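Since the structure comes first, as structure tokens, the remarks are kept for the end.
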Amino acid sequence: MSAEETITSGYGGTKLNYLTNGTTLKSWLLTKDHKRIAIMYLITVSLFFMMGGLYAAAIRLELLTPNSDLFQTATYNKVFTQHGVLMIFFFLLPAIPAVLGNFLLPLMIGAKDLALPRINLLSLYIYWIGGVLALWALMQGGVDTGWTFYTPYSTTFSNSYVMLVGLGVFINGFSSILTGLNFIVTIHTMRAPGMTWFRLPLFVWAHYAVSLVMILGTPVVAITILLLAIERVAHVGIFDPAIGGDPILFQHLFWFYSHPAVYIMILPGMGVVSELISNFARKKIFGYEFIAFSSIAIAVFGFLVWGHHMFVSGQSIYASLVFSFLTMVVAVPSAIKMFNWTATLYKGSISFDTPMLYAIGFMGLFLIGGLTGLFLGSIGLTVHLTDTYFVVAHFHYVMVGGQVIAYLGGIHYWWPKMTGRMYSEFWGKISAMLVFVGFNLTFFPQFILGYLGMPRRYAAYPPEFQVLNIFSTAGASVLGIGLLLPVVYLVHSLFFGKKAGDNPWMHPGLEWRTSSPPPTENFEKMPVVTWDAYEFGEGSGMDLEGARQREALQA
Amino acid sequence: MQSTTWIPFFPEAASSFAWQVDLLYFYLIAVSVAFSIPIVVAIFFFAIRYREVEKFATPDEMHGSMVLETVWSIIPFVVSMTIFLGGAIVYFNQYEPPDDAMEIFVVGKQWMWKVQHQTGQREINELHVPVGKKIKLTMTTEDVLHDFFVPAFRTKIDAVPGRYTYLWFEPTVTGKFHLFCAEYCGLNHSGMGGSVYVMEQRDFDNWLSGNVAGQTPVEQGKDLFMNKLGCASCHTGGPAQRGAKLEGIFNHEVKLVGGQTVTADDQYIRNSILNPTSQIVDGFQPIMPTFKGQVTEEQLNALVAYIKSLSPNAPAASAPAAPAAGANTDSANKAPARSAANSSK
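Heads up: the protein sequence lines correspond to chains U and W, in order. Heads up: take any position in the first sequence, counting from 1, add 288, and you land on our numbering. Heads up: take any position in the second sequence, counting from 1, add 1039, and you land on our numbering.
Structure (structure tokens):
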């Protein structure tokens, strides 16, 4: 690709790209372009993230003191429920697949679009409808069941808007199913000539694995919510023992989906991190096949471990034994990824741009999140730890440390592709470091709080837990600043950022071999792939010498 | 409150298996550190050693190593199996109540813990127990899920509506310890807790005898059975009685209509009171009405305790109930006697 093309095809250049090809509201709302749909997801997902973040801030403020002095307990219960519902169902689950996955999958495999573009738009609308219902319930007065909706509290005792939120989550599930379906069909049928399965970027492998979980798991939560509705509305005894039901059945059904859902949150993050580490070490990822298959292994085993949420529910101790064993097995593919990422750095040429800082941060946080998962998988220990702040800390390390950090890293990495502009590297680095420090300061003390015995979902707590809670709240404010900064400098970059060029990282991936931002149909002509994934050398056919010279001229 | 450890930010350990949980915890911390340090050191070392010298350099490619992959799959697997086994052993210790434990009934309710001792002594959000004795809590709830959690004992169990769950522990240190509800249960979830008081045996006996109020569970159950609920009209009367014979059945196999058998444990008795037609004893008609909605959880506990007391020689777990069966007159004096019997074990 010549230098002239690189310059003229940038955002605001002369050629039409997906952003400039149609500027009316209608051209966005009726688009079938996966990239526009991704951008619309990006905006909505970010709004939900900010709202969830405001609730998080409220929670941390309340917990600054042992008494429930900021809110009534009724309000506090609603606040942590809304935080959980918004973050999990409307941010963590869709964030990477719906935003980055949608934008990048077709580009990475050399396709014009997803296989089912109208279904893709439909899934966005379904997500919006689910989100609006959840927000409506919030305005009506909220819900106080916790995001897990455990029965019989949710069916019989809670007077809040359980059904409305449930409906929102139910509808939102279809968005997830359709996205997963679309990804699988696309990966199977739309790959460019030469793009064999083992040339796929690991980001694509991760999304393949996660799509399997979405398709197989999400219907179960839909059925569960439906059963809950039937019991609540028609008083059929399904979960409530007073009318012949079984409250533990709900937990089985709920976690049969919701545990695999954790992997919906973490697997795409692992895909992103594989891309980032490889790119910024400028090396083929170490043990490509092992990382690819470990994603599939995690997805498969993820379906077999739901019972580890019920170790203290009174379930058979032999059932617990089996679930504990299987949980331990999942540690292995996770460890394989960790070792391979580390080995990729060996003899690399490592640069520390903002996305790489996020990727390294991810490795640190996922290490802690993964290892503390072993604590919770070990049944004798988890009897003490479960339902305490140890669990809260663990799943924040995995889901926020894993997913959000990877998401931010990915957004920074592909930002030049999505917008054609570079952001401020200085502020990017500051924010990555604030997020890392703030995150650890927020959540590490919670491990200690958990072992001390502070139960979760408490508006008030014994005074001896206060010091650690003060640390946690202080950390949350640092984290909050770290997360708000990108909003400012990324938006700023849209208008004032330096033009990015088509391939600012000189990466061999297909998504970098089209203009930035890409045209509506992604590639001017169908690409033919003759190189392996992450082949940075001569085999990739990239003009490395030219790129170096341009860099030298600019410097 | 007595502290048993010099480590700051570490909870008190006050039960016989707390040290096992702590040991597991330290083992896992050691494993975590042993894994983290090499990885973190490697990341930092590589990051500095292989720092970019030329923009867009193309270092030599490496595709992977079967040997390394095998090694770093097997090592985590073996280590995780040791963690699994350690956890399993501790779990069995935590969740298999010994036969000779002293039984106390606990009922969860939004938002309080209602406790009743064998002598009839009741308490709310407090639990008094003697040090060095095995205690078994038989637990259920009147409404939603709750969870009985004593961090100093390193154990907890959900209280589940419609069924019994069991928790046991042997307190090793006297003092006052936090009791929490750990399963979210609605409005005042964070207020649903109190204290467990572990006392010397003599203090416990004084406490127990100084505050006897009302009937023992067995007495209460007998009263319900004989007078208030009319159970006796069918379940007593010798060979001609209409309902199944209850004497001596507890923890024995019972033959059901249809040929199956079931062990007549507390779960079965509870179910037979609430859903009498679901498991009918062979030779009887399904004529018993349900008592669902007519008896509270506490009355159910009392009925179960009474029926248990009709089987003085039941195989397991019924030993503590047996002496109380005859304690119709002066239960205050009986309590120390039973405690003394337990301490000889």
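Glycine included, each C-beta is placed from N, C-alpha and C at the ideal position. Just so it is clear, the structure is predicted and the values come from calculations on it, not from any experiment.
Residue 362/U: contacting residues in chain W (beta-carbon distance under 8 Å): Translated into positions along the first sequence, residue 362/U becomes position 74. Within chain W, the residues near residue 362/U are 1226.
Whole-angstrom C-beta distance between residue 676/U and residue 636/U, which should lie under 8 Å: On the first sequence, residue 636/U is found 348 positions in, with the first residue counted as 1. On the first sequence, residue 676/U is found 388 positions in, with the first residue counted as 1. Their Cβ separation, rounded to whole angstroms, is 40 Å, which puts residue 636/U and residue 676/U out of contact at 8 Å.
Three CB pairs or more closer than 8 Å across the stretch 1158-1168 of chain W and the stretch 1082-1101 of chain W: no
Where does residue 594/U land, buried or exposed, given buried means 16+ other C-beta within 10 angstroms? The count along the first sequence starts at 1 and reaches residue 594/U at position 306. Buried, because 16 or more other Cβ atoms sit within 10 Å of the Cβ of residue 594/U.
At a Cβ threshold of 9 Å, is residue 470/U touching chain W? Within the first sequence, residue 470/U is the residue found at index 182, counting from 1. Chain W, which has no Cβ nearer than 9 Å to the Cβ of residue 470/U, makes this no.
To which residues does DSSP link residue 1175/W through a beta bridge? Here residue 1175/W is taken as the residue at index 136 of the second sequence, counted from 1. Note: residue 1175/W sits in a beta bridge opposite 1142/W and 1207/W.
Determine, using beta carbons only, whether residue 1135/W comes closer than 9 Å to chain U. Here residue 1135/W refers to the residue found at position 96 of the second sequence. Closer than 9 Å to some Cβ of chain U, the Cβ of residue 1135/W qualifies, so yes.
Whole angstroms are fine: how far does the CA of residue 342/U sit from the CA of residue 1146/W? Position 107 of the second sequence, counting from 1, holds the residue named residue 1146/W. Position 54 of the first sequence, counting from 1, holds the residue named residue 342/U. Their backbone Cα atoms lie some 38 Å apart in a straight line.
Are residue 1182/W and residue 1197/W touching if we call contact CB-CB under 9 Å? The residue you call residue 1182/W lines up with position 143 of the second sequence. The residue you call residue 1197/W lines up with position 158 of the second sequence. Contact: no.
Distance check for residue 1305/W and residue 1216/W, CA to CA, integer angstroms please. Residue numbering aside, residue 1216/W sits at position 177 when the second sequence is read from its first letter. Residue numbering aside, residue 1305/W sits at position 266 when the second sequence is read from its first letter. The straight-line gap from Cα to Cα measures roughly 30 Å.
Quick check on residue 706/U: does DSSP put it in helix, strand or coil? Within the first sequence, numbered from 1, the residue matching residue 706/U stands at position 418. Helix, per DSSP.
Any 3 or more C-beta pairs closer than 8 Å across the stretch 680-691 of chain U and the stretch 654-667 of chain U: yes
Beta carbons nearer than 8 Å to chain W: which residues of the stretch 620-651 of chain U have them? 620, 623, 624, 626, 627, 628, 630, 631, 633, 634, 635, 636, 637, 638, 639, 640, 648 and 651
Indicate whether the contact test is met: 3 or more Cβ pairs, each with one atom in the stretch 458-470 of chain U and one in the stretch 524-544 of chain U, closer than 8 Å. no
Taking the straight line between their C-alpha atoms, what separation do you get for residue 389/U and residue 495/U? Here residue 389/U refers to the residue found at position 101 when the first sequence is read from its first residue. Here residue 495/U refers to the residue found at position 207 when the first sequence is read from its first residue. Distance between the alpha carbons of residue 389/U and residue 495/U is about 7 Å.
Euclidean distance between Cα positions of residue 306/U and residue 1073/W: For this step, residue 306/U is matched to residue 18 along the first sequence. For this step, residue 1073/W is matched to residue 34 along the second sequence. Going by the C-alpha atoms only, they are around 50 Å apart.
What are the partner residues of residue 1220/W, as DSSP defines its beta bridges? Taking the second sequence and counting its residues from 1, one reaches residue 1220/W at position 181. 1187/W, per the DSSP bridge assignment.
What did DSSP end up calling residue 625/U once you bin it into helix, strand or coil? In the first sequence, the residue the question calls residue 625/U occupies position 337. The answer is helix: DSSP assigns residue 625/U an H, G or I state.
CB-CB under 7 Å to residue 1233/W, same chain, minus the five flanking residues each way: which ones, in chain order? Residue mapping note: residue 1233/W aligns to position 194 of the second sequence, counting from 1. Correct list, in chain order: 1152, 1164, 1165 and 1218.
Contact list for residue 839/U against chain W, beta-carbon separation under 9 Å: Here the question's residue 839/U lines up with position 551 in the first sequence. Here the neighbours are 1094 and 1095.
Cβ-based neighbour list, residue 1272/W, same chain, cut-off 6 Å, excluding 5 preceding and 5 following: The sequence position of residue 1272/W within the second sequence is 233, counting from 1. Within the same chain, residue 1272/W has no close Cβ partners at all.
Short of 8 Å Cβ to Cβ, which residues in the stretch 1067-1086 of chain W face chain U? 1067, 1070, 1071, 1074, 1075, 1078, 1079, 1081, 1082, 1085 and 1086
Chain W within 9 Å of residue 730/U, Cβ atoms only: Taking the first residue of the first sequence as position 1, residue 730/U is located at position 442. Taking Cβ atoms only, chain W never reaches closer than 9 Å to residue 730/U, which makes this a no.
Note the first and the last residue of the continuous alpha helix (DSSP H) segment covering residue 1234/W. As a first step, residue 1234/W is located in the second sequence; it is residue number 195 there, counting from the start. Where residue 1234/W is concerned, there is no enclosing alpha helix (DSSP H), although the beta strand (DSSP E) it sits in stretches over 1232-1238.
Between residue 1196/W and chain U, is the shortest Cβ-Cβ distance under 9 Å, so that the two count as touching? Taking the second sequence and counting its residues from 1, the one referred to as residue 1196/W is at position 157. Yes - at least one Cβ of chain U is within 9 Å of the one on residue 1196/W.
Considering Cα atoms alone, identify which of 1292/W, 1297/W, 1276/W and 1287/W is closest to residue 1352/W. Reading the second sequence from its first residue, position 313 is the one you call residue 1352/W. The residue with the shortest Cα to Cα distance from residue 1352/W is 1287/W.
Note down, in chain order, every chain W residue with its Cβ under 9 Å from the Cβ of residue 835/U. Residue numbering aside, residue 835/U sits at position 547 when the first sequence is read from its first letter. Within chain W, the residues near residue 835/U are 1094 and 1095.
On a CA-only basis, which of 503/U, 703/U and 746/U is nearest residue 330/U? Give me that one, please. Along the first sequence, read from residue 1 onward, the residue named residue 330/U stands at position 42. Here the closest residue by C-alpha is 703/U.
Assign residue 413/U to one of two classes, buried (16 or more other C-beta atoms within 10 Å of its C-beta) or exposed (fewer than that). For the purposes of this step, residue 413/U is taken as the residue at position 125 of the first sequence. When all chains shown are included, residue 413/U counts as exposed.
What is the C-beta distance between residue 353/U and residue 754/U, in whole angstroms, given that I count them as a contact (C-beta under 8 Å)? For this step, residue 353/U is matched to residue 65 along the first sequence. For this step, residue 754/U is matched to residue 466 along the first sequence. Contact flag correct, Cβ pair sits at about 7 Å.
Taking one C-beta from the stretch 484-501 of chain U and one from the stretch 565-581 of chain U each time, how about it: are there three or more such pairs within less than 8 Å? yes
Neighbourhood of residue 493/U by C-beta distance below 6 Å, restricted to the same chain and skipping five residues each side: Against the first sequence, residue 493/U aligns to sequence position 205. Contacts found: 580 and 583.
Whole-angstrom distance between residue 1213/W and residue 1239/W, CA atom to CA atom: Against the second sequence, residue 1239/W aligns to sequence position 200. Against the second sequence, residue 1213/W aligns to sequence position 174. Taking the straight line joining both Cα atoms gives about 7 Å.
Between the stretch 553-562 of chain U and the stretch 502-510 of chain U, are three or more C-beta pairs nearer than 8 Å? no
Measuring only between beta-carbons, confirm whether residue 576/U sits less than 9 Å from chain W. Residue mapping note: residue 576/U aligns to position 288 of the first sequence, counting from 1. Closer than 9 Å to some Cβ of chain W, the Cβ of residue 576/U qualifies, so yes.
Bridge partner(s) assigned by DSSP for residue 768/U: Counting from 1 along the first sequence, the entry for residue 768/U is found at position 480. According to DSSP, residue 768/U bridges with nothing at all.
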